[in-house]
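J.: In the working numbering, the protein residues as written are 13 to 262. One structure, as structure tokens, below. Some questions next.
Here it is as structure tokens:
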């Protein structure tokens, strides 16, 4: 295994700069070959990754950072993680956000890197920003920003709609819209009932029954504030959520 990696490295190094540039697209293929081999020889791995990293391969930079981090060289790890992140590699952006948030408590830096990943559509980064702004513990509470990121998540996956219901009901981060709130509660309630019927677990899963009962209470509370026409409109809106749910499950 080690001989294979060393031979591969030697072959790569013999390429001229112009040839290497010409085969720039082969970068990732060769790098993926390395990942497929998954050597545990740190010296070989470091040498190979360093070569790719010098040519600004973001994946190689990220993996090089993990080696530095495992060796306790956090500053060097941050240096290469940042270079990878600046090249747009999402995993590096998330890694920086995690380190800055949970290990170094540099919250503004953490939010900055979460935002870069979130703007590219990364769900983990979007969830992180939504909850950070909702709770307001490591930065100023901002319901509008929280709503923004929960909405992006819900647009991709209807399971996240539930996070928007209270915000619509009480006008947190968005204009109050009790019809939309009712639609989400209704969707949540019916989805729970469908789950119960499909798996026949009415008497076996109390946590699901509790959630279902909570959704029912939300419906009953809001229904008293809406006209019959508004309830009908909300249920039509809920039917669209089910269509999206079916689409997202394909």
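Note that CB positions come from ideal geometry on N, CA and C, so glycine has one too. Values in this document were obtained by computation on a predicted structure and should not be read as measured data.
(1) Rounded C-beta distance between residue 138 and residue 125? I'm assuming under 8 Å.
(2) State the start and end residues of the unbroken alpha helix (DSSP H) segment that holds residue 113.
(3) Do you know offhand how far residue 234's Cα is from residue 225's?
(4) Helix, strand or coil for residue 203, going by three-state DSSP, please let me know.
(5) Could you tell me which of 112, 253, 56, 115 sits nearest to residue 169, measuring between CA atoms?
(6) What would DSSP say about residue 232, mapped onto helix, strand or coil?
(7) Which runs of the beta strand (DSSP E) fall wholly inside the region 123-147 and span at least 3 residues, in chain order?
(8) Drop a sphere of 10 angstroms on the beta-carbon of residue 35, count the other beta-carbons inside from all chains shown, and report buried for 16 or more, exposed for fewer.
(9) I'd like the span of the alpha helix (DSSP H) that includes residue 167, first residue to last.
(10) Take every Cβ of the region 151-163, pair it with every Cβ of the region 188-203, and state whether three or more of those distances are shorter than 8 Å.
(11) If residue 119 sits next to residue 150, beta carbons under 8 Å apart, how far is it from one beta carbon to the other, in whole angstroms?
(12) Cβ of residue 89 within 8 Å of Cβ of residue 77?
(13) In this structure, how does DSSP classify residue 150 when only helix, strand and coil are distinguished?
(14) For residue 201, collect the residues of the same chain with a Cβ closer than 7 Å to its Cβ; drop the 5 residues on either side in sequence, then sort them by chain order.
(15) Here's the rule I'm using: 16 or more other beta-carbon atoms within 10 Å means buried, otherwise exposed. How should residue 75 be labelled?
(16) Just to confirm the assignment, what range does the alpha helix (DSSP H) spanning residue 73 have?
(17) Among residues of its own chain, excluding the 5 on either side of residue 61, which ones have a beta-carbon nearer than 6 Å to its beta-carbon?
(18) Assuming contact is defined by CB atoms lying nearer than 8 Å, are residue 95 and residue 108 in contact in what I supplied?
(19) Just to confirm my understanding: we take residue 242, look at its own chain, exclude 5 residues before and 5 after, and list those with CB closer than 7 Å. What are they?
(20) To the nearest angstrom, how far is it from the Cα of residue 129 to the Cα of residue 239?
(21) Please state the DSSP three-state secondary structure of residue 192.
(22) So, are the CB atoms of residue 177 and residue 158 less than 8 Å apart?
(23) Can you tell which of 257, 205, 237, 57 has the C-alpha that lies nearest to the C-alpha of residue 166?
(24) Spatial neighbours of residue 154 within its chain, please: CB distance less than 6 Å, with the 5 preceding and 5 following residues excluded, ordered by chain position.
(25) Look at residue 156 and residue 199 and say whether their C-beta atoms are less than 8 Å apart.
T.: Here's the rundown:
(1) So it is not a contact: roughly 13 Å between Cβ atoms.
(2) Run containing residue 113: none; DSSP gives neither H nor E here.
(3) 14 Å
(4) helix
(5) 253
(6) helix
(7) none
(8) Residue confidence is low: residue 35 scores 39 on pLDDT, short of 50, so the model does not pin down where it sits. No coordinate-derived value is stated.
(9) 155-168
(10) no
(11) 4 Å
(12) yes
(13) coil
(14) 224, 227, 228, 231
(15) buried
(16) 70-82
(17) 72, 75, 76
(18) no
(19) 191
(20) 42 Å
(21) helix
(22) no
(23) 257
(24) 145
(25) no
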